[in-house]
Amino acid sequence: MKETVSSVVIKKEWDIVGARQAGRQLSQELGFGSVDQARIATAISELARNIYLYAKEGEITFEELYDLPKVGLKIIAKDKGPGINDLSAVMEDGYSTSGGLGAGLPGVKRLMDEFDLVSDEEGTKVTTIKWARP
Amino acid sequence: MRVPILKLHNYLLVSIQIELDDQTAMQFQEDLLSKIHETGATGVVIDLTSVEVVDSFIAKVFGDVVSMAGLMGAKVVFTGIQPAVSMTLIELGIYLKEVPTALDLEQGIIKLRQELEEK
Numbered sequence: 225m226k227e228t229v230s231s232v233v234i235k236k237e238w239d240i241v242g243a244r245q246a247g248r249q250l251s252q253e254l255g256f257g258s259v260d261q262a263r264i265a266t267a268i269s270e271l272a273r274n275i276y277l278y279a280k281e282g283e284i285t286f287e288e289l290y291d292l293p294k295v296g297l298k299i300i301a302k303d304k305g306p307g308i309n310d311l312s313a314v315m316e317d318g319y320s321t322s323g324g325l326g327a328g329l330p331g332v333k334r335l336m337d338e339f340d341l342v343s344d345e346e347g348t349k350v351t352t353i354k355w356a357r358p
Numbered sequence: 252m253r254v255p256i257l258k259l260h261n262y263l264l265v266s267i268q269i270e271l272d273d274q275t276a277m278q279f280q281e282d283l284l285s286k287i288h289e290t291g292a293t294g295v296v297i298d299l300t301s302v303e304v305v306d307s308f309i310a311k312v313f314g315d316v317v318s319m320a321g322l323m324g325a326k327v328v329f330t331g332i333q334p335a336v337s338m339t340l341i342e343l344g345i346y347l348k349e350v351p352t353a354l355d356l357e358q359g360i361i362k363l364r365q366e367l368e369e370k
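Protein chains in written order, with this note's numbering: chain A, 225 to 358; chain B, 252 to 370.
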């Protein structure tokens, strides 16, 4: 099982676009189909925007997963922001404290195959995986 | 970076061919409303054929632009939404029910004509 790791720092608004382009490129190289590429890019966009809006600064890390014959992409969004107060509310559709559409995290969970959220006063970490369909 | 807005008779035509970041999307919203005001356009077609990712923020900007243009008396139709974008938006939980859409630019113009003539 070989793993390649890369990451994008989220600090400016434009980094949201940078992160989703990097993720899209990577998913293309890993052999994901066009719909999955769009799912992955959109999920990254949502995660990166959460970092930018709520924590100001953070990082998106990509890990290529080779659990042969399965190939996947793990995306970790990590920040040292104030953390999420109400973890169950944030996973409800339509919940938003920023005036957005509230599609963020529950939407990301639906777009991806695996999803894990850890948040406390030290920051927030979202780990999510998409497996390529052979 | 700005999205070009073309005038054709009483319509405005827009084809989004750049990667939309939040700032560009907000700028586009403002530019489009100014252009409607300036030209008195009654209909707008926004073509998304080249757009590969629409996240919740961009979707909100698009939804808002329909309502904002509506307040000014102009109808907006979105066209050319890619299959992957359509699937991703619904999975994300964004239905954009208030947003008029058509398959392509041609259908978009036909739809605008029909809706504007009905009144």
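No residue lacks a Cβ here, since even glycine has one placed at the ideal position from N, Cα and C.
Since we're looking at a predicted model, the values are computed, not measured.
Those residues which DSSP pairs with residue i across a bridge
{"i": "Glu-283 of chain A", "result": "A:Val-233, A:Lys-302"}
{"i": "Asp-298 of chain B", "result": "B:Ser-266, B:Thr-330"}
{"i": "Ala-353 of chain B", "result": "B:Thr-330"}
{"i": "Thr-275 of chain B", "result": "In the DSSP output, where bridge partners are listed per residue, Thr-275 of chain B has none listed."}
{"i": "Thr-352 of chain A", "result": "A:Ile-299, A:Phe-339"}
{"i": "Gly-314 of chain B", "result": "According to DSSP, Gly-314 of chain B bridges with nothing at all."}
{"i": "Thr-228 of chain A", "result": "A:Glu-288"}
Cβ neighbours of residue i in the same chain (closer than 8 Å, five flanking residues each side left out)
{"i": "Glu-349 of chain B", "result": "Gly-314, Val-317, Ser-318"}
{"i": "Asp-260 of chain A", "result": "Ser-251, Lys-354, Ala-356, Arg-357"}
{"i": "Ile-361 of chain B", "result": "Ala-353"}
{"i": "Ile-287 of chain B", "result": "Leu-263, Val-295, Ala-320, Met-323, Ala-325"}
Closest by C-alpha distance to residue i, when choosing among the options
{"i": "Arg-364 of chain B", "options": "B:Met-338, B:Val-327, B:Gln-333", "result": "B:Val-327"}
{"i": "Ile-240 of chain A", "options": "A:Lys-298, A:Ala-272, A:Val-332", "result": "A:Ala-272"}
{"i": "Gln-333 of chain B", "options": "B:Gly-344, B:Glu-357, B:Gly-359, B:Val-302", "result": "B:Val-302"}
{"i": "Val-342 of chain A", "options": "A:Ile-268, A:Ile-308, A:Ala-243, A:Ile-284", "result": "A:Ile-308"}
{"i": "Ile-264 of chain A", "options": "A:Gln-249, A:Ala-313, A:Lys-349, A:Leu-277", "result": "A:Gln-249"}
{"i": "Lys-299 of chain A", "options": "A:Ala-313, A:Ala-246, A:Lys-235, A:Lys-280", "result": "Here residue 299 of chain A turns out to be Ile, not Lys, going by the sequence shown. Looking at the Cα atoms, A:Ala-246 is the closest of the given residues."}
{"i": "Leu-284 of chain B", "options": "B:Tyr-346, B:Leu-271, B:Ile-345, B:Ile-256", "result": "B:Ile-256"}
{"i": "Ile-309 of chain B", "options": "B:Met-252, B:Leu-367, B:Gln-268, B:Asp-272", "result": "B:Asp-272"}
{"i": "Leu-335 of chain A", "options": "A:Tyr-276, A:Gly-296, A:Thr-285, A:Ala-262", "result": "A:Ala-262"}
{"i": "Gln-268 of chain B", "options": "B:Val-305, B:His-260, B:Glu-289, B:Leu-340", "result": "B:Val-305"}
{"i": "Lys-304 of chain A", "options": "A:Glu-288, A:Val-295, A:Tyr-278", "result": "A:Tyr-278"}
{"i": "Tyr-346 of chain B", "options": "B:Phe-279, B:Ala-276, B:Asp-355, B:Lys-311", "result": "B:Lys-311"}
{"i": "Glu-281 of chain B", "options": "B:Val-254, B:Ala-292, B:Thr-293", "result": "B:Val-254"}
{"i": "Ile-234 of chain A", "options": "A:Asp-291, A:Ser-312, A:Lys-302, A:Lys-294", "result": "A:Lys-302"}
Coil, strand or helix - residue i by DSSP
{"i": "Glu-288 of chain A", "result": "strand"}
{"i": "Ala-292 of chain B", "result": "coil"}
{"i": "Tyr-319 of chain A", "result": "coil"}
{"i": "Tyr-262 of chain B", "result": "strand"}
{"i": "Leu-341 of chain A", "result": "strand"}
{"i": "Leu-257 of chain B", "result": "strand"}
{"i": "Leu-311 of chain A", "result": "helix"}
{"i": "Ile-345 of chain B", "result": "coil"}
{"i": "Leu-297 of chain A", "result": "strand"}
{"i": "Gly-321 of chain B", "result": "helix"}
{"i": "Gly-257 of chain A", "result": "coil"}
Sequence-distant residues of the same chain with beta carbon closer than 6 Å to residue i, five excluded per side
{"i": "Pro-330 of chain A", "result": "Met-315, Asp-317"}
Chain-ordered neighbours of residue i on chain C, where CB pairs are closer than 9 Å
{"i": "Glu-303 of chain B", "result": "In the structure shown, chain C cannot be found, because the protein chains are A and B."}
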